[in-house]
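>
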Amino acid sequence: MRRNESPMSHDYADLSDDDSLSNEAEGLSIDNKHGWAKNVFEPVIKRLPPNASKLVTISKDTYLILSVISAGMDAGSRVMDLTSPLALAGVPIFFITTYYSDFILVPSKDRQTVVQVLLARNFEFDKDESAYVSPSAMSHVRGKSQGSEPPSTPPPSTVAELQVRTFELLKKRNVVPYISPYLSLVQCSGRGLSPLVDYSRRPASGRHQSGNGHRRSWLDNVDTKLYTSLISVLAKQPRFLSITLAQEDPPSLLLDREYLSVFGDSLVGDTEGDLVPIFLDLVNLPLEATGIVSGVAGKLISEMGMEDTDISSELSYLSTAQAGAVILSSKQSMRALEVLKPLLSKE
């Protein structure tokens, strides 16, 4: 796992330079610095008419941002490798898939629990990368945790129990999985201006500095055309758009294929891809709900993995404030929806 500070020190309320914006049917979700939320968004929200301001909420909790370093692991294994032990420890998370990395957001108050769980699961802290590196193998042994308040309901003790509880909760809250008709996504990255910068590979260290002493980032090489294109697309109110700005990576986008041409040559990546999200409307669930990512992803991998599919190599997940999206190829998404619907049907 990578983040910008040491694992057991500092105040995490204003930890990271990483930001994420997702716009979809359930609404707009923004993950950003605590200071921005308080000093930028709160004053704007207070100026809105009452009927509009009540539609906007800001989380009372602050979150710790971690980045997954899981070289050689397929997409599904990366999701499960991290989310399962944290879910078994009763830690709520948000999961964000990007072009270069997978990020998780965990409550700052659960910092000690998260560190202990990861170390207990043989994650290693890489001082050179300021990173936790996940082990190549997964186990489902629950790690011991201390230092945070226990959840109101004891967390499950096995992955199987976790999956059962997850689908019971989703069914109780009337969560129905669905696919938005004719919505096809592509996952891309912003293109760097410098031909000497290879953004297809992660840098060995994020502490490079420019000649004037300032730390270098993707801003030193970003194509401004990307941002003018982004504003143009947002003005069109797309059905789906997710952009993540990470300190050491170029901007990562997951967007409706319909708007790909707007960006022209400012994007790189698999523009021929055909990804279809399965949406879970989680508006009726509290932010502290646990096991959603691990429970849903784990069930799909276990059910579809027996059918000789490539789901484990394809599956990714995107969490927002009010929804979750399982992202697969168009063919796999149709089959995954067939698996999920009976599990969440009340008939």
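Taking the UniProt record's numbering, I'd label the letters of the sequence shown as residues 1 to 347.
The beta-carbon is built from N, C-alpha and C at its ideal position, and this holds for glycine as well.
Residue ranges of each alpha helix (DSSP H) run of no fewer than 4 residues wholly in the UniProt domain "CASTOR ACT" (59-118), ordered along the chain?
Those alpha helix (DSSP H) runs which fall completely within the UniProt domain "CASTOR ACT" (59-118) and span 4+ residues are 75-88.
> Measuring straight from C-alpha to C-alpha, what distance separates L254 and C188?
Whole-angstrom Cα-Cα distance: 6 Å.
> Which first and last residues belong to the alpha helix (DSSP H) in which S302 is found?
Unbroken alpha helix (DSSP H) run through S302: I292 to G305.
> Would the beta-carbon of L318 fall within 8 Å of that of S242?
Their beta carbons are under 8 Å apart, which means L318 touches S242 by this criterion.
> Taking all protein chains shown into account, decide if R121 is buried (16 or more other Cβ within 10 angstroms of its Cβ) or exposed.
Under this definition R121 is a buried residue.
> Can you tell me the Cα-Cα spacing of Q322 and I292, whole angstroms?
Near 12 Å, if we compare the C-alpha coordinates of I292 and Q322.
> Note down the Cα distance separating K331 from L285, rounded to an integer number of angstroms.
Straight-line Cα distance between these residues: approximately 29 Å.
> Which residue wins for smallest C-alpha separation from S29, given the options F94, P50, P85 and L119?
Checking every option, the nearest Cα to that of S29 belongs to F94.
> Quick check: the segment 275-290 against the segment 38-51, are there 3 or more CB pairs under 8 Å?
These segments do not touch.
> So what's F279 in DSSP terms, helix, strand or just coil?
If DSSP states are grouped into helix, strand and coil, F279 belongs with the strands.
> Could you check if G305 is buried or exposed, using at least 16 other CB atoms within 10 Å of its CB as the buried criterion?
Exposed, because fewer than 16 other Cβ atoms sit within 10 Å of the Cβ of G305.
> Quick one: any contact between the segment 106-119 and the segment 263-278, if contact means 3 or more CB pairs under 8 Å?
Because the criterion of three Cβ pairs below 8 Å is not met, the segment 106-119 and the segment 263-278 do not touch.
> Who are the Cβ neighbours of D102 in its own chain at under 8 Å, not counting the five residues just before and after it?
The residues are S67, V68, S70, R78, V79, L82, F95, I96 and S316.
> Is it buried or exposed, T166, if we count other Cβ atoms within 10 angstroms and call 16 or more buried?
Buried, because 16 or more other Cβ atoms sit within 10 Å of the Cβ of T166.
> According to DSSP, what are the bridge partners of S312?
According to DSSP, S312 bridges with nothing at all.
> Please state whether DSSP places T244 in a helix, a strand or coil.
T244 falls in the strand class under three-state DSSP.
> Taking Cβ to Cβ, would you say S252 is nearer than 8 Å to Y100?
Yes; because the gap between Cβ atoms is below 8 Å, this pair is in contact.
> Can you tell which of L300, T320 and S313 has the C-alpha that lies nearest to the C-alpha of E338?
Comparing Cα-Cα distances from E338 to each of L300, T320 and S313, the minimum goes to L300.
> Are the Cβ atoms of R239 and S180 separated by less than 8 Å?
Yes; because the gap between Cβ atoms is below 8 Å, this pair is in contact.
> Thinking just about the alpha-carbon of each residue, which of S184, D265 and V40 is nearest to the one in R191?
Here the closest residue by C-alpha is D265.
> Per DSSP, residue 348 is paired with what?
Since the first residue of the chain shown is 1 and the last is 347, residue 348 is not available in this structure.
> With 16 other CB atoms within 10 Å as the buried threshold, where does V40 fall?
Exposed, by the Cβ-count rule.
> Which residue wins for smallest C-alpha separation from D61, given the options P50, P92, V176 and S313?
For the residues P50, P92, V176 and S313, the minimum Cα distance to D61 belongs to P92.
> Using beta-carbon positions only, say whether S232 and V262 come within less than 8 Å of one another.
Yes; because the gap between Cβ atoms is below 8 Å, this pair is in contact.
> How far does the alpha helix (DSSP H) with L328 in it extend, from its first residue to its last?
Counting along the chain, L328 falls outside any alpha helix (DSSP H), though it belongs to the beta strand (DSSP E) covering A323 to S329.
> I need the straight-line Cα distance from A52 to K171, nearest angstrom please.
Straight-line Cα distance between these residues: approximately 30 Å.
> Using only the alpha-carbon positions, how far apart do V326 and L169 sit?
So the two alpha carbons sit approximately 17 Å from each other.
> Kindly give me the distance between the Cβ atoms of V115 and L86, rounded to whole angstroms, as I take these residues to be in contact under 8 Å.
11 Å between Cβ atoms; not a contact.
> Assign S157 to one of three DSSP states: helix, strand, or coil.
Looking at S157 - three-state DSSP - the assignment turns out to be coil, as it is neither helix nor strand.
> If we ignore side chains and look at the alpha-carbon of each, how far apart do Y227 and P342 end up?
Taking the straight line joining both Cα atoms gives about 42 Å.
> If you draw a straight line from the alpha carbon of A289 to that of G90, how long is it in whole angstroms?
Using only the alpha carbons, I get a separation of about 9 Å.
> If you measure between the beta carbons of L340 and P177, is that distance less than 8 Å?
Yes, the Cβ-Cβ distance between L340 and P177 is below 8 Å.
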